[in-house]
Amino acid sequence: MKTVKQMLAEAEAAVPWISPEEAKGLVGKPDVLFLDVREPAEVATSGKVPGAVAIPRGLVEFRADPESALHEAAFDRAKTVVAYCASGGRSALVGKTLKDMGYANVRNLGGFKGWVDAGGEVEKG
Numbered sequence: 003m004k005t006v007k008q009m010l011a012e013a014e015a016a017v018p019w020i021s022p023e024e025a026k027g028l029v030g031k032p033d034v035l036f037l038d039v040r041e042p043a044e045v046a047t048s049g050k051v052p053g054a055v056a057i058p059r060g061l062v063e064f065r066a067d068p069e070s071a072l073h074e075a076a077f078d079r080a081k082t083v084v085a086y087c088a089s090g091g092r093s094a095l096v097g098k099t100l101k102d103m104g105y106a107n108v109r110n111l112g113g114f115k116g117w118v119d120a121g122g123e124v125e126k127g
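Residue numbers (the numbering used here): 3 to 127.
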């Protein structure tokens, strides 16, 4: 049995963090997928990283698996995936899940507020 704290610690150990400054240089690159795992209402309220694919945390596995009927074409195991949420917890957990699914290059941007505070561009959600 694991606690949420233990699960987060494992996820954070498995998925490296990326700073907003470093992430800014990756926006728009064809080999990078920005993944917003917040709920639709959160994205609608605050916007998202330009070009990010918004998929709530509960659906990521279905969208990331090429064998799934719900597969999202933007997912490609050859791409770098930069995940973020509101504070970094959900994106850490999603990052670990994606690594377990064979996505080798996954980064956790943390919270969207950190992106905005660092001067990151925002696209309407």
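Where is the CB? At the ideal position from N, CA and C, for every residue including glycine.
Just the Cα atoms here: how many angstroms apart are residue i and residue j?
i    : j    : result
F77  : G27  : 20 Å
A106 : V62  : 16 Å
G113 : P68  : 27 Å
A66  : D102 : 11 Å
E2   : M3   : Because the chain in this structure spans residues 3 to 127, residue 2 falls outside the shown range and cannot be described.
What is the DSSP secondary structure of residue i, counted as helix, strand or coil?
i    : result
D67  : coil
R109 : strand
E125 : strand
What residue does the beta strand (DSSP E) around residue i start on, and which one ends it?
i   : result
F36 : 34-38
Along the alpha helix (DSSP H) that carries residue i, what are the first and last residues, could you check?
i    : result
R92  : 91-102
T82  : Careful: T82 lies outside any alpha helix (DSSP H), inside the beta strand (DSSP E) at 82-87.
K26  : 22-26
M3   : Note, M3: premise wrong, no alpha helix (DSSP H); not H, not E.
G116 : 114-119
Flag this pair as yes or no: are the beta carbons of residue i and residue j separated by less than 8 Å?
i   : j   : result
L35 : V83 : yes
V51 : D33 : no
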